[in-house]
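Residue numbers (the numbering used here): 18 to 338. Down below is the structure, laid out as structure tokens.
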Ligand SMILES: [Zn+2]
């Protein structure tokens, strides 16, 4: 991924009018970020998770690496008290032949709570590094997706440590989407897992309701800069949540969340919102040179990036009444 319909970067819009601002030096009477609050997440541990996921190798849909990842994650989330289940289905293989087994992994925390927030990431990797500078590697290279694949998963693995004590009223579900990019050619369909999930949710509404959905994708970049994704700010039902998330970041002093509009990114938040009717946004740093190359490796990611994103999302979710 991702499709960029428009390379409109950093347009300053009216959102800045409601923006409460970064800490400014030299004005002691102004409110400062709450310096007393310390990020409860562990950056070193989160980075370790990212490395462990990458060590499993390519994890495209239906691959042995994906199976290993599922076992690894299932053990991790269960050990911390999450209720793990899979939503399985078959998808067409874009290369023909047998269908590909797909599985979204769902991890529920406090399943008795009827109003819930969905925190999502895709856990499949693109089958090939088809933007690699080396044309041979585009067809035969190994893609391990440290940022594009493992980063969102590592954030959820780290957040899991806080979930058992997550105070109500809202419950949290982690959903790891399969088939975000079982893509070999530009015309192959994206978002197989999130589309399936959203369709099932809309067709047969469960006893609970998702109030919000937050997708995290490519959130591990060492040079982290997260602008507000265009769809999230354009849709009337998601604009308030986007503003709240960036305001939360400002209060925490996480300046990597930049309160201006960045790329338009087609990602798993589209099916969640358009099909599932779950107001959903995408937290993504799309400016990442190793994207879809053999160079998307842990060395280009940082634990502190993972935990900054996790912290902002956690504090925002905790603030929901
Ligand atoms: Zn991708």
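Glycine is no exception: its CB is placed at the ideal position from the N, C-alpha and C atoms. It should be emphasised that the depicted structure is a prediction, and the values quoted were computed from it without experimental measurement.
(1) Below 6 Å CB to CB, which residues in the same chain sit around residue 227 once its five sequence neighbours on both sides are set aside?
(2) Could you work out which residue in 337, 73, 327, 333 is closest to residue 178 when comparing CA atoms only?
(3) Could you tell me how far apart the beta carbons of residue 120 and residue 104 are, in whole angstroms, since I believe they sit closer than 8 Å?
(4) Quick check on residue 4: buried or exposed, where buried means 16 or more other Cβ atoms within 10 Å of its Cβ?
(5) Would you be able to state if there are at least three C-beta pairs under 8 Å between the stretch 266-279 and the stretch 239-249?
(6) Anyone know if the C-beta pair for residue 171 and residue 314 falls short of 7 Å?
(7) Find out if the Cβ-Cβ distance for the pair residue 224, residue 292 is shorter than 7 Å.
(8) Within a Cβ cutoff of 6 Å, which residues of the same chain sit near residue 213, ignoring the five residues on either side of it in sequence?
(9) Would residue 22 be called buried (16 or more neighbouring beta carbons within 10 Å of its own) or exposed?
(10) Tell me the residue span of the alpha helix (DSSP H) that contains residue 335.
(11) Give the secondary structure of residue 238 by DSSP, where H, G and I count as helix, E and B as strand, and everything else as coil.
(12) By the three-class DSSP mapping on this structure, what secondary structure does residue 107 have?
(13) Keeping to the same chain, check which residues put their C-beta closer than 7 Å to that of residue 196; ignore five residues upstream and five downstream.
(14) What three-state label does DSSP hand residue 244 in the structure shown?
(15) Under DSSP, the alpha helix (DSSP H) around residue 180 begins and ends at which residues?
(16) Between which two residues does the beta strand (DSSP E) containing residue 297 stretch?
(17) Shortest alpha-carbon distance to residue 55 belongs to which of 270, 337, 62?
(18) Taking Cβ to Cβ, would you say residue 143 is nearer than 7 Å to residue 198?
(19) Would you call the CB atoms of residue 66 and residue 174 closer than 7 Å?
(20) Closest to residue 12 by C-alpha separation, out of 154, 158, 57, 182, would be which residue?
(21) Contact defined as beta carbons within less than 8 Å: I believe residue 168 pairs with residue 323. What is the distance between those atoms, to the nearest angstrom?
(22) Between residue 149 and residue 255, is the Cβ-Cβ spacing less than 7 Å?
(23) Taking the straight line between their C-alpha atoms, what separation do you get for residue 222 and residue 153?
(24) Excluding five sequence neighbours on each side, which residues of the same chain lie with their C-beta closer than 7 Å to the C-beta of residue 94?
(25) Suppose you measure from the CA of residue 268 to the CA of residue 161; what does that come to, to the nearest Å?
(26) I need the DSSP call for residue 48, collapsed to helix, strand or coil.
(27) Could you tell me which of 189, 252, 110 sits nearest to residue 202, measuring between CA atoms?
(28) Give the straight-line distance between the Cα atoms of residue 289 and residue 137, rounded to the nearest whole angstrom.
(29) Helix, strand or coil, according to DSSP, for residue 230 in the structure here?
(30) Would you identify the three-state DSSP class for residue 343, choosing helix, strand or coil?
Based on what the coordinates show:
(1) 133, 135, 295
(2) 327
(3) Contact holds; Cβ gap of about 7 Å.
(4) Because the chain spans 18 through 338 in this model, residue 4 falls outside it and cannot be assessed.
(5) yes
(6) no
(7) The Cβ-Cβ distance between residue 224 and residue 292 does not fall below 7 Å.
(8) 106
(9) Its pLDDT being 41, under 50, residue 22 is placed unreliably in this model, and the value from its coordinates should be taken loosely. Classification for residue 22: exposed.
(10) Note, residue 335: alpha helix (DSSP H), 320-335.
(11) strand
(12) strand
(13) 78, 108, 119, 141, 209, 210
(14) strand
(15) Residue 180 -> no alpha helix (DSSP H), and no H or E assigned at all.
(16) 297-301
(17) 270
(18) yes
(19) It is a contact, given that the beta carbons lie within the stated cut-off.
(20) Outside the displayed range of the chain (18 to 338) lies residue 12, so it cannot be described from this structure.
(21) 6 Å
(22) no
(23) Residue 222 and residue 153 have their alpha carbons spaced roughly 47 Å apart.
(24) Cβ neighbours of residue 94 beyond the five flanking positions: 101, 124, 177.
(25) A direct Cα-Cα distance of roughly 35 Å separates residue 268 from residue 161.
(26) Reliability of the predicted coordinates at residue 48 is poor, the pLDDT of 49 falling under 50, and no value is obtained from them.
(27) Measuring from the Cα of residue 202, the nearest candidate turns out to be 110.
(28) 10 Å
(29) strand
(30) One cannot answer for residue 343 here, as it falls past the ends of the chain, which runs 18 to 338.
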